[in-house]
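2 protein chains.
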Amino acid sequence: MPAKPTRRKPYELFYWPGIPGRGEYVRLALEEAGAPYVDVVREREGGMDEMLALMEGEGTKHPAFAPPFLRDGRVVIGQVAAILFYLGPRLRLAPKSESAALWTHQIELTISDFAAEAHDVHHPVGVGLYYEDQKKEAARRAEEFRGARMPKFLDWFEAVLEANGASEAKPHLVGRSLTYADLSLFHTVDGLLYAFPKATARLLRKRPLVAALHAATRERPRIAAYLKSERRQPFNESGIFRHYRELDR
Amino acid sequence: MPAKPTRRKPYELFYWPGIPGRGEYVRLALEEAGAPYVDVVREREGGMDEMLALMEGEGTKHPAFAPPFLRDGRVVIGQVAAILFYLGPRLRLAPKSESAALWTHQIELTISDFAAEAHDVHHPVGVGLYYEDQKKEAARRAEEFRGARMPKFLDWFEAVLEANGASEAKPHLVGRSLTYADLSLFHTVDGLLYAFPKATARLLRKRPLVAALHAATRERPRIAAYLKSERRQPFNESGIFRHYRELDR
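Residue numbers (this note's numbering), protein chains in the order written: chain A, 163 to 411; chain B, 163 to 411.
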């Protein structure tokens, strides 16, 4: 592992333990940058209470509606895309011009929408109900997701990569170097490969640049080391991307 | 009507015609600021073709995944929250400090999530199916939305208003003056009053600051004039907020 910068106070990430979930999009950016951070609920005694207190507005004027949220000194920020917009320039994972920074953010927001739809497949009738209570509806929604929504989203990312002149050697969504949006698309594809392995593999064959981005990102030294570490939590059936055999084909 | 500034080229808003939809969040900011803009598809011959061409990447390197998107000279931006983040300082509808601007954005992203859930109530099984083909599922989802999700979101906005020291005279989410987030929450509450009049009226009785924000925003001179104009399209059963009597109680 490359040496981490030690000058600054660690970032503090607050998220539910036990799933990669939406917190993973933030973790990947921090890991790729080698930034010092604490995954508070998992690593600090009383971390869960601390997270819940912050959500109640104790100790911050900006309580997030839901985890994940990030604390950086006195700043508390929620919403994955907003967190990454804040971290991007600080971690050197975002372009500098206003226009390019906003475009990166716009791509990230579209990734958020894609992830939300992937989640809704297994919870179409309500987030408060178990999957087992909405299996029939989930099967109908999965059909549309595999047949129409996944292709539409993946086509858009493929077109963005192509318009950016991306190649297997430089598979980036914006500019010539890695941004947080690349990391987030990597993770989303990774989640889809877990949840819908057949459909995703089939769709990726016709989206070579998205497939190249996924393959190349996984092998970046810090990401590869992270994925092998205990800090990485496996996908499971409590998160955004869930594998139910009957929903894939 | 106050005189509009005439120095700049009008902003161009691209959105589907016939519904307020997500485009309305952008329209309200432009209207409140008295900014010159063209609602391209509704006002310009060939506007629909122009919108579809831009989505295919003709004439822009940054094609949006979906409308609405905004063109300002050479800049093209999609995703409502990103558009408003861009417009905020230009229309004087956002605070200046990085921290307060990001907080306003975070609130806007939470409003987007709320609107997406309001939409999913009538389309739980799939966006490609008609409401009539998913009425039973919609009834189950509506129950959770009215009973759990609406209260949770509205409680959060009420708490944000309270923490900001909002009052009936100054019902603002951030700081002491109007931001685009106030306009967006106004519109969301307006949509909920249309879609779920009984549930929303009941819930607002216990969230006086949200109710005050809605009432006060509606009476701002430019907003009131806009709401009476032909530029304002009524809510209907093709948009985000749809009224189906059986889903409200």
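We put the beta carbon where it would ideally sit given N, CA and C, even for glycine.
- Taking 8 Å as the cut-off, the beta carbon of Y177(B) is found closer than this to the beta carbon of P229(B).
- In this structure the stretch 267 to 274 of chain A lies against the stretch 341 to 353 of chain A, because at least three pairs of beta carbons, one per stretch, are closer than 8 Å.
- If you ignore the 5 residues before and after P251(B), its C-beta comes within less than 8 Å of the C-beta of K258, A263, all in its own chain and listed in chain order.
- Taking a Cβ-Cβ threshold of 7 Å, none of the residues of chain B is close to F358(A); the smallest such distance is about 16 Å.
- With a beta-carbon spacing of about 6 Å, F397(B) and P182(B) fall inside the 8 Å limit used to define contacts.
- With 16 or more neighbouring CB atoms inside 10 Å of its own CB, R308(B) falls in the buried class.
- Here DSSP, grouped into helix, strand and coil, assigns E174(B) to strand.
- For the stretch 271 to 282 of chain B, the beta-carbon criterion of a distance under 8 Å to any beta-carbon of chain A is satisfied by L271, T272, D275, A278, D282.
- Neighbours of Q268(A) across chain B, judged by C-beta separation under 8 Å: H224, A226, I239, G240, Q241, A244.
- At least 8 Å separates the beta-carbon of L375(A) from that of F358(A).
- With fewer than 16 neighbouring CB atoms inside 10 Å of its own CB, S400(A) falls in the exposed class.
- About 6 Å separates the CB atoms of R384(A) and E193(A); that is less than 8 Å, so the two are in contact.
- Rounded to the nearest whole angstrom, the CA to CA distance from A243(A) to L345(B) is 21 Å.
- Here DSSP, grouped into helix, strand and coil, assigns V200(A) to strand.
- Taking a Cβ-Cβ threshold of 8 Å, none of the residues of chain B is close to E220(A); the smallest such distance is about 11 Å.
- For P182(B), no chain A residue has a C-beta closer than 8 Å to its own C-beta; the minimum C-beta separation is roughly 20 Å.
- DSSP places L216(A) inside the alpha helix (DSSP H), whose first and last residues are 209 to 217.
- Put simply, the stretch 284 to 293 of chain B touches the stretch 301 to 316 of chain A. At least three CB pairs are less than 8 Å apart.
- C-alpha of R254(A) to C-alpha of R170(A): approximately 15 Å in a straight line.
- In this structure, the beta-carbon distance from A278(A) to T266(A) does not fall below 8 Å.
- Looking at the backbone, the Cα of A331(B) and that of K297(A) are separated by about 49 Å.
- Annotation: the continuous beta strand (DSSP E) that includes G240(B) extends over 237 to 240.
- Exposure of E220(A) is indicated by the presence of fewer than 16 other C-beta atoms within 10 angstroms of its C-beta.
- Annotation: F247(A) to A301(B) spans about 37 Å, alpha carbon to alpha carbon.
- Annotated three-state conformation of D295(A) is helix, per DSSP.
- In the DSSP annotation of this structure, the continuous segment of the alpha helix (DSSP H) that includes L323(A) starts and ends at 312 to 325.
- L354(A) places its beta carbon less than 8 Å from that of A280(A).
- From the beta-carbon of S261(B), the residues of chain A found nearer than 7 Å are V237.
- Distance from the CA atom of Y199(B) to the CA atom of E174(B), rounded to whole angstroms, is 6 Å.
- Close to W178(B), with beta-carbon spacing below 8 Å, lies no residue of chain A; the smallest spacing is near 16 Å.
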